[in-house]
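The opening position of the sequence shown corresponds to residue 1 in our numbering, with each subsequent residue numbered one higher. No residue lacks a Cβ here, since even glycine has one placed at the ideal position from N, Cα and C.
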Amino acid sequence: MRPYFELVDIGLQLQALEKMNKVVLDIDVIKKKGELWIEENETSTFAEIKQNITETTSDILQRCSSLTSNKFKEMYLQSSFKQVHKDDQSTKALEEISTFASKDSEYQLLAEKVKEINSNYTLQNMKIKKLQQKIKNQQRINQRLKDTIDKHFKDFEKENNSKFRETQNKFNELFLEFRKEFMTELQAASSFISQQQTQWETFCLEMKEEREIDKEHELDVRIKIHELFEKQEELSNNFENIQERQDPFGKHITF
Numbered sequence: 001m002r003p004y005f006e007l008v009d010i011g012l013q014l015q016a017l018e019k020m021n022k023v024v025l026d027i028d029v030i031k032k033k034g035e036l037w038i039e040e041n042e043t044s045t046f047a048e049i050k051q052n053i054t055e056t057t058s059d060i061l062q063r064c065s066s067l068t069s070n071k072f073k074e075m076y077l078q079s080s081f082k083q084v085h086k087d088d089q090s091t092k093a094l095e096e097i098s099t100f101a102s103k104d105s106e107y108q109l110l111a112e113k114v115k116e117i118n119s120n121y122t123l124q125n126m127k128i129k130k131l132q133q134k135i136k137n138q139q140r141i142n143q144r145l146k147d148t149i150d151k152h153f154k155d156f157e158k159e160n161n162s163k164f165r166e167t168q169n170k171f172n173e174l175f176l177e178f179r180k181e182f183m184t185e186l187q188a189a190s191s192f193i194s195q196q197q198t199q200w201e202t203f204c205l206e207m208k209e210e211r212e213i214d215k216e217h218e219l220d221v222r223i224k225i226h227e228l229f230e231k232q233e234e235l236s237n238n239f240e241n242i243q244e245r246q247d248p249f250g251k252h253i254t255f
């Protein structure tokens, strides 16, 4: 079985490496997020992504500083412990120097990554500022364009309203004139219809009176004809009587 001290030492070394590896992973994550934002595949605002990168970078630097500080403390304690165990001093000193060199190399690599991130962040920040300036310039251009369009629209609306009022006034005048002419013609038509109605009623009354007169005349004619037939019959009877008186033999004269 391995000595407890060796197991603890290796465990601490692995733990430090795990922390460093986590730092590297966090660096890759925030770097990838920044690149996605630049490519417009990330929905965060400029303020949000800037704050996120700044906070993550600060946290990474603090963790790196903490790892370095702890490593130096660990090396100091191990060095003190080696003073007590002089028998293994040479071998362990070489191991510590090798381990420290390895850790220092990893830290340097990590520091270079952080420096690269900071450099990229500074470069991207400059690009973002340029983009923001372009956006502001475009916004000013858009605002001027909007003001120009609004002015033209107001002028057009004013002119259009003036033309509309003028057209409406002309329409009202034409409508009033048409209404006046229509009412005049309507009154004339009404008067004509009234006259025609009066004439028709007068004509109907005259026709009625004429029919009554015709009926009376017809009745008089019938009466006279009847009287004439009666007189003719009476005359015929009288004539026969006279003939009978004049003819002793009873002969009748016929006509």
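Contact belief for residue i with residue j at Cβ below 8 Å, rounded distance in angstroms
i	j	result
residue 42	residue 50	Between residue 50 and residue 42 the Cβ distance is about 12 Å, and since that is not below 8 Å, they are no contact.
residue 30	residue 124	About 12 Å separates the two Cβ atoms, so there is no contact after all.
C-beta atoms of residue i and residue j nearer than 8 Å
i	j	result
residue 27	residue 53	no
residue 63	residue 23	yes
residue 141	residue 46	no
Proximity winner among the options, relative to residue i (alpha-carbon distances)
i	options	result
residue 40	131, 181, 189	131
residue 65	230, 19, 48	19
residue 115	236, 58, 181, 226	58
residue 35	112, 120, 12	120
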